[in-house]
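Heads up: take any position in the sequence shown, counting from 1, add 11, and you land on my numbering.
Glycine included, C-beta positions come from ideal geometry on N, C-alpha and C.
Keep in mind the model is a prediction, meaning the values are calculated, not measured.
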Amino acid sequence: MTYFLGVDQGSNSSRAVLFDSRGDVVASASQKVSYSRRDNECVEYDADHLLDSVRNVIRQVLARAGARLAGDVSACGIATQRSTALAWRADGKALSPALSWQDVRARSTLERLKHGEQEIMQLTGLPLTPYYSASKLSWLLNNADSVRQCAGDQLRLSPLVSYLLFHVLENAPYSVDFSNAQRTLLFDLETLDWSEQLCDRFGIDASRLPGCAPMVSDYGCLAESGIPVRAVCGDQNAAMFGFGTPGSDAALVNIGSGAFVLRQLARFSGSSRQLTGIAYSDAQGVSYMREATINGAGNALSWAEQEWRTDHLAEKLPGWLTQIKEPPVFINAVGGLGTPWMRGGMPSYFLGDGDHSTADKAVAIIESIVFMIQINLELMAEEAPLQRIRVSGGLSRLDGLCQRLSNLSGLEIERTVIAEATARGVAWLAAGCPKSWSESREEHEGGIMLFIPQHDPALQARFRLFRSGVQQLLDNERAAGARQ
């Protein structure tokens, strides 16, 4: 039998999963990764810690598979967290931490580019925001001594994936796939290459950036095993294909540290309210997706644990989501308001008065995630009707979250037992997109759980309060800006 390896380097862990020719899990390994959050703006990783975690999980999963089976692994795919970036030398030495996609320390530097925001969105498909890599790389150039002191021809500025590929592949390439390149705000969606115009605006020499390649391409072989790497992409791109080709009538909701709503487009079209991204690319062409980002998902629970000085909220939530019937409404701006508002530096708070219990407030946070997902589903449905929603990611394990989303959207929610959607998606791409993977053993054995919409007027009422509260927050911001 032939096997395929999927590697997923995410915000909280690195994972490696081996799949057989039907797309079923044979072996897996994972390692937690930690980041430093010095304040609400600076979030960074030790780049070598991330690299070591990727190497470790690859070694572990191949060891668990056994020598004979590991020898039959015909291809590997690698997915990474997007918009995380760093500076490093041509010899592979990191010159900076890896600044997380959550890092917004360069927010103030974007003010001078505000006048060109519409043009930037037209070129890149993305709004002007510090969550993407360009402002992080610009900040490193201007503020990190080790980066300023590096000789020009030795300096490399790149998404995290380029650093990882250089170190784990035999040929030590300096390359990036289209999907990760796009999340820099420096990539032109039409030319599929770096935009000299955007590089100039951000003060970045395009020659310091990696070469761009399609997501499905021959990247080289893993250094220790010789397994060819045939797919590289962002983690959310991979998650979209975790169950095969999704179809344009379906939306995938992937809920981890952040939440992402993804929908493959039948043809390219821009949007002023949501993101346009590259869903798939190979030597023959490119397909596109509509995307929405929600910053405060799992991160909001981490924020709550720190604010409330409590632990293990996620473990208590299944029971609380069943028990709590009338939680307060939480205006969730943790990490900044994501799509469609794209505003940072705003407060998070509970509407109304009253002394709410920890259980009440934790359920309110989960409902706020559902509310933001629903707002973005409604925007996608305005373009073309949605028939189904598939959920994945750690927080999708919460039945209460899935049922609320079904009740609010009026659509059936499909949740599969396949937990490794990102690793499975990138392995599927590396395997050549086999149709048999959409009919895996887990699904044949009743592995899909359906959540059927139920009438829930109280949830609808809280949703209306949430929308009004977010609008009031935006109005207050505009009024404060006018006073200045």
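Alpha-carbon to alpha-carbon, residue j and residue i
| i | j | result |
| --- | --- | --- |
| R354 | R219 | 30 Å |
| E425 | I459 | 6 Å |
| R278 | K104 | 41 Å |
| T120 | S146 | 7 Å |
| W319 | N51 | 16 Å |
| G255 | E488 | 42 Å |
| R100 | L273 | 35 Å |
| L197 | I289 | 14 Å |
| V345 | A249 | 25 Å |
| S24 | F15 | 20 Å |
| A202 | F189 | Contrary to the premise, residue 202 reads as Thr rather than Ala in this sequence. Whole-angstrom Cα-Cα distance: 11 Å. |
| G347 | Y360 | 13 Å |
| V481 | Q71 | 46 Å |
| E122 | D59 | 32 Å |
| V28 | Y299 | 26 Å |
| P257 | Y291 | 12 Å |
| S206 | R212 | 10 Å |
| L26 | A74 | Note that residue 26 is Arg in the sequence shown here, rather than Leu. Going by the C-alpha atoms only, they are around 14 Å apart. |
Candidates the options, of which the one nearest residue i by Cα
| i | options | result |
| --- | --- | --- |
| N418 | A434, L461, T433 | L461 |
| D204 | D371, I215, F213, V187 | V187 |
| S157 | S107, A432, Q129 | S107 |
| G443 | A242, S280, A373, A370 | A242 |
| S39 | G288, N67, Q113 | N67 |
| A315 | C413, N343, L110 | N343 |
| S45 | V36, S22, G34, S32 | S22 |
| P464 | R473, L422, E52 | L422 |
| C87 | L97, L175, Y230, R159 | Y230 |
| Q541 | D410, A308, I305 | There is simply no residue 541 to check, as the chain begins at 12 and stops at 495 in what is shown. |
| S173 | K125, I131, D199, M226 | M226 |
| A491 | Q471, E393, M357 | M357 |
| G281 | L110, G136, R473, I238 | G136 |
| L397 | R301, S368, Q71, D486 | R301 |
| Q295 | E122, A224, S236, S206 | A224 |
| A311 | S379, W331, A27, Y299 | S379 |
| A308 | S407, L73, P468, G253 | S407 |
| G77 | E393, L476, S236 | S236 |
| I7 | Q247, K336, D63 | Absent from the structure is residue 7, since the part of the chain shown begins at 12 and ends at 495. |
| V297 | I238, R48, G365, S228 | S228 |
| I238 | I89, S479, F477, S41 | I89 |
| A270 | F252, Q247, G253 | Q247 |
Cutoff 7 Å; reference residue i; Cβ partners in own chain excluding five residues on either side
| i | result |
| --- | --- |
| T140 | M353 |
| E454 | Residue placement at E454 is poorly supported in this model, since its pLDDT is 45, which falls under 50; the coordinates are not used for a value here. |
| W112 | Q92, R93, S94, T95, Y142 |
| L180 | Y230, G231, C232, L233, A234, V240 |
| F30 | Y14, F15, G17, V36, V37, R435, A438 |
| A222 | Position check: residue 222 holds Gly in this sequence, whereas Ala was assumed. Closer than 7 Å at the Cβ level, and outside the excluded window around G222, lie Y185, S186. |
| M12 | D31, S32, D83 |
| F177 | G103, A183, P184, Y185 |
| T321 | T369 |
| A325 | L312 |
Same chain, Cβ closer than 6 Å to residue i, five either side skipped, listed in chain order
| i | result |
| --- | --- |
| Q20 | V65, T91 |
| G457 | Low local confidence applies: a pLDDT of 46 at G457 is under 50, so the model's placement there is unreliable, with the coordinate-based value given in what follows. Excluding sequence neighbours, G457 sits near nothing in its chain. |
| G404 | N265, I266, G267 |
| G349 | T304, I305, N306 |
| S85 | T13 |
| G245 | R93, S190, N191 |
| S451 | Here S451 scores only 48 on pLDDT, less than 50, and its place in the model should not be relied on; the value that follows carries that caveat. Closer than 6 Å at the Cβ level, and outside the excluded window around S451, lie R33, G34, D35. |
| M132 | P138 |
Endpoints, the beta strand (DSSP E) within which residue i is located
| i | result |
| --- | --- |
| T427 | 424-427 |
| A277 | No beta strand (DSSP E) contains A277, which DSSP labels as neither H nor E. |
Residue i: first and last residue of the uninterrupted alpha helix (DSSP H) it sits in
| i | result |
| --- | --- |
| Y174 | 171-179 |
| R66 | 58-76 |
| G43 | The sequence given here has Lys at residue 43, not Gly. Per DSSP, K43 belongs to no alpha helix (DSSP H); it is in the beta strand (DSSP E), 36-43. |
| P329 | 324-334 |
| A217 | No alpha helix (DSSP H) contains A217, which DSSP labels as neither H nor E. |
Integer-rounded CB distance, given that residue j should sit under 8 Å from residue i
| i | j | result |
| --- | --- | --- |
| A261 | Q285 | Incorrect: roughly 16 Å between the Cβ atoms, too far for contact. |
| A373 | L412 | Contact flag wrong, Cβ pair sits at about 12 Å. |
| D199 | L134 | 5 Å |
| C53 | D114 | 6 Å |
| W150 | A109 | Incorrect: roughly 13 Å between the Cβ atoms, too far for contact. |
8 Å Cβ shell around residue i - same chain, five flanking residues per side excluded
| i | result |
| --- | --- |
| D163 | Here residue 163 is Gly; the residue named in the question, Asp, does not match the sequence. Closer than 8 Å at the Cβ level, and outside the excluded window around G163, lie D216, R219. |
| K446 | G255 |
| L152 | A98, V158, R159, L168, G214, I215 |
| L416 | V264, V381, I384, Q385, I400, V402, I424, F462 |
| G363 | P339, V340 |
| S498 | Because the chain spans 12 through 495 in this model, residue 498 falls outside it and cannot be assessed. |
| G351 | The identity of residue 351 in the sequence shown is Pro, whereas the question assumes Gly. Contacts found: R284, Q285, A303, I386, N387, L390. |
| Q193 | T135, G136, L137, L200, G288, I289 |
Any non-hydrogen atom of the ligand SAM within 8 Å of residue i CB
| i | result |
| --- | --- |
| H323 | With respect to the ligand SAM, the structure shown offers nothing to examine, as it has no ligands at all. |
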